[in-house]
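> My questions will all concern the structure given below.
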Amino acid sequence: MLSLDLRSLTIMAGLIGIVMGLVLLGLRRNYPASIRGMRLWGTAPLVCACSTLFYGLDGVLPAPLVALIGNALLLVGVTLFLLGSERLHGLSSSWRRWATVITTTLLMLAFFMHVYPDYRLRVLIFSGTLAAIVVEHARLLGRHGQGFAHRLTAMALWGQAAVLVCRAVTTLWLDQADTQRFAQSMVQTVYIATFSFSVLLVSIGVLLMAGERVRAEFEYLATHDSLTGAHTRRAVLAACAEELTRWSRYGNPFSLLILDIDHFKRINDEHGHLAGDHVLAHFVQLIQSHLRSADRLGRYGGEEFMVILPETNTAAAQTVADRMCAALDATPGSPDLPHCTVSIGLTTVQPGDNTVDALIARADTALYEAKAQGRNRVQAG
């Protein structure tokens, strides 16, 4: 380990960072615009690479200049990883706070370089600041992330933070006030090698995180209606089949609603299809506000929707349906959002129900009874 050339190791780490940055920026062009943070993630390893390559100029350029600019670039690069994850998860950016931290850190490094030269204090301050940024990134992924990629990246970040903290602590008794950055030592070699490897792992982790988000986007599009955001017919029928299976095994009751917006064709003919789209989107938003997180709302076809109410008997389902019906009727109309009402057919699973089709047929019959009795009402079947 002692025979490794630290300058060469640093430059090699920089070249690897350049490759990872270019890969991330290249993939950004092929990802949907909804996958945010890719530009920041792609820039981060490039900036980190610039810092390591700049460190390699020690001896060519003045040492204070190399140290300050190299440290600044590394701080910015690690922060860009954090900012990219904030954008991915739709969080408010903390760049102003970290810009203040980085500026303060650089001023302190300059002080302990020119006014009161002490290499140990510089390592302590610099490594401590880097560790704080990395820990904040790891905590963010722990709070908001799910899936293998988030766990892998968080583990890499915690490992990176551990390396930084160890380097900050060990400098107090292993280094001297006048030690140079590229002074050959096992501690410095392990630090540079492990930190460079952790940056590579973080770059791979954010790449996998972006891939997971793309997959989640496609899964959402496959199971949700693009206009209203409700589940697709296939997804809501699958949810109904799951509830029926649970009923047959454990006897847990559930109810099924079929909702049909009254005279929807008239709305399209008199107000236009754009107004009809607004009605559908508003309808789903209103109905969803009356449902629990376990309930499922799906677009069954056209202006017909289906609601699955787990652990709900007929009386409770009737109450929920009545509230939906009354809330829609009470919504005032406008030129862009015409007034409308809804007819609802309701049924609850019964002994002998073996297929989803049987439930739907019974709820459909109840729906037509509601229409026959004047619409804008709930009918239990």
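Position one of the sequence shown corresponds to residue 1247 (our numbering), numbered consecutively onward. Note that the Cβ used here is the ideal one computed from N, Cα and C, for glycine as well. Owing to the predicted nature of the structure, the values given are computational and were not obtained by experimental measurement.
Might you give, ordered along the chain, the residues of its own chain that have their beta carbon closer than 8 angstroms to the beta carbon of valine 1653, omitting 5 neighbours on each side?
Look at the range of the chain in this structure, 1247 to 1627, and you will see that residue 1653 is not part of it.
> Whose C-alpha, out of Ile1379, Arg1479, Ala1521 and Val1553, is nearest the C-alpha of tryptophan 1341?
Out of Ile1379, Arg1479, Ala1521 and Val1553, Ile1379 has the C-alpha closest to the C-alpha of tryptophan 1341.
> Check whether the segment 1443-1452 touches the segment 1390-1407, taking contact to mean three or more Cβ pairs, one atom from each stretch, closer than 8 angstroms.
Contact between the segment 1443-1452 and the segment 1390-1407 is present, because at least three Cβ pairs lie under 8 angstroms.
> What is the DSSP secondary structure of leucine 1329, counted as helix, strand or coil?
Helix, per DSSP.
> Let me make sure I understand the geometry here. Which of Ala1423, Phe1529, Thr1601 and Tyr1277 has the alpha-carbon closest to that of arginine 1492?
Arginine 1492 has its Cα closest to that of Thr1601, out of Ala1423, Phe1529, Thr1601 and Tyr1277.
> Rounding to the nearest angstrom, what Cα-Cα distance links alanine 1439 and asparagine 1317 in this structure?
Between alanine 1439 and asparagine 1317, the C-alpha separation is close to 17 angstroms.
> Report the three-state DSSP secondary structure of glutamate 1557 (helix, strand or coil).
In the structure shown, glutamate 1557 sits in coil (DSSP, three-state: anything other than H, G, I, E or B).
> With a cut-off of 8 angstroms on the beta carbons, I'd call alanine 1220 and phenylalanine 1551 a contact; round off their distance for me.
Given that the chain is displayed from residue 1247 to residue 1627, the structure contains no residue 1220 and the question cannot be resolved.
> Ignore the nearest five residues each way along the sequence and tell me which others in aspartate 1541's own chain have a CB closer than 6 angstroms to its CB.
Correct list, in chain order: Leu1555.
> What are the boundary residues of the alpha helix (DSSP H) that includes glutamine 1531?
That run of the alpha helix (DSSP H) goes 1519-1534.
> Determine the DSSP secondary structure at valine 1624, reduced to helix, strand or coil.
If DSSP states are grouped into helix, strand and coil, valine 1624 belongs with the strands.
> Could you check where the beta strand (DSSP E) with phenylalanine 1500 kicks off and where it finishes?
That run of the beta strand (DSSP E) goes 1500-1507.
> Less than 8 angstroms between the CB atoms is what I'm expecting for alanine 1609 and isoleucine 1504, so what's the real figure, rounded?
Their Cβ separation, rounded to whole angstroms, is 4 angstroms, which keeps alanine 1609 and isoleucine 1504 in contact under 8 angstroms.
> Run the CB neighbour count on arginine 1418, radius 10 Å, all protein chains shown included, and call it buried at 16 or more, exposed below.
At residue 1418 the sequence reads leucine, which differs from the arginine that was named. With fewer than 16 other Cβ atoms within 10 Å, it is exposed.
> Taking the runs of the alpha helix (DSSP H) that are 4 residues or longer, which of them lie wholly in the segment 1359-1434?
For the segment 1359-1434, whole alpha helix (DSSP H) runs of length 4 or above, ordered along the chain, are 1365-1390 and 1394-1420.
> Spatial neighbours of alanine 1190 within its chain, please: C-beta separation below 6 angstroms, excluding the five flanking residues on both sides.
There is no way to answer for residue 1190, as the model of the chain reaches only from 1247 to 1627.
> Going by other Cβ atoms of all chains shown within 10 Å of its Cβ, with 16 needed for buried, is tyrosine 1362 buried or exposed?
Tyrosine 1362 is exposed by the Cβ-count criterion.
> Assuming aspartate 1421 and valine 1369 make a contact with CB atoms under 8 angstroms, what is their CB distance in whole Å?
Going by Cβ atoms, the distance from aspartate 1421 to valine 1369 rounds to 7 angstroms, so yes, they are a contact pair.
> Go through its chain and collect everything with a Cβ distance to methionine 1359's Cβ below 8 angstroms, but skip five positions before and after it.
Hits under 8 angstroms: Pro1310, Ala1313, Leu1314 and Arg1368.
> Report the CB separation of valine 1452 from glycine 1330 in whole angstroms; it is logged as a contact under 8 angstroms.
Indeed they touch by this definition, with Cβ atoms about 7 angstroms apart.
> Taking just the CA atoms, how far does glutamine 1625 sit from serine 1580?
Distance between the alpha carbons of serine 1580 and glutamine 1625: 28 angstroms.
> For arginine 1282, which option in Ala1456, Pro1597, Gly1497 and Asn1498 has the closest C-alpha, if you only look at C-alpha atoms?
Minimum Cα distance to arginine 1282 is reached at Ala1456.
> With H, G and I counted as helix, E and B as strand and the rest as coil, what does DSSP make of tyrosine 1496?
In this structure, tyrosine 1496 counts as helix in the three-state DSSP scheme.
> Give me, in chain order, the residues of the same chain whose beta-carbon lies closer than 8 angstroms to that of methionine 1354; leave out the 5 immediate sequence neighbours on both sides.
The answer, listed in chain order, is Ile1371.
> In this structure, does DSSP put alanine 1281 in helix, strand or coil?
Sequence inspection shows isoleucine at residue 1281; the alanine mentioned does not correspond to that position. Three-state DSSP puts isoleucine 1281 in coil, outside helix and strand.
> Taking all protein chains shown into account, do 16 or more other C-beta atoms lie within 10 angstroms of the C-beta of leucine 1592, making it buried, or fewer, making it exposed?
Leucine 1592 should be labelled buried.
> Since threonine 1611 contacts arginine 1545 with CB under 8 angstroms, what's their CB separation in whole angstroms?
With 8 angstroms as the limit, threonine 1611 and arginine 1545 do not qualify as a contact, their Cβ atoms being about 21 angstroms apart.
> Is the beta carbon of phenylalanine 1441 less than 7 angstroms from the beta carbon of valine 1415?
Cβ distance not < 7 angstroms, so phenylalanine 1441 and valine 1415 don't count as in contact.
> For proline 1499 versus valine 1595, is the C-beta spacing smaller than 7 angstroms?
Contact: yes.
> Is arginine 1542 helix, strand or coil by DSSP?
Three-state DSSP puts arginine 1542 in a strand.
> From the DSSP output, in three-state form, read off serine 1442 for me.
Reduced to three states, the DSSP call for serine 1442 is helix.
> How would you label glutamate 1516, buried or exposed, when you count the other beta carbons within 10 angstroms and need 16 or more for buried?
Glutamate 1516 comes out exposed.
> At 4 residues or longer, and completely inside the segment 1285-1334: list those alpha helix (DSSP H) runs for me, N to C.
Those alpha helix (DSSP H) runs which fall completely within the segment 1285-1334 and span 4+ residues are 1309-1334.
> Hey, could you find the ends of the alpha helix (DSSP H) threonine 1351 is sitting in?
That run of the alpha helix (DSSP H) goes 1341-1356.
> If we count the other Cβ atoms within 10 Å of its Cβ and call it buried at 16 or more, is glutamate 1549 buried or exposed?
When all chains shown are included, glutamate 1549 counts as buried.
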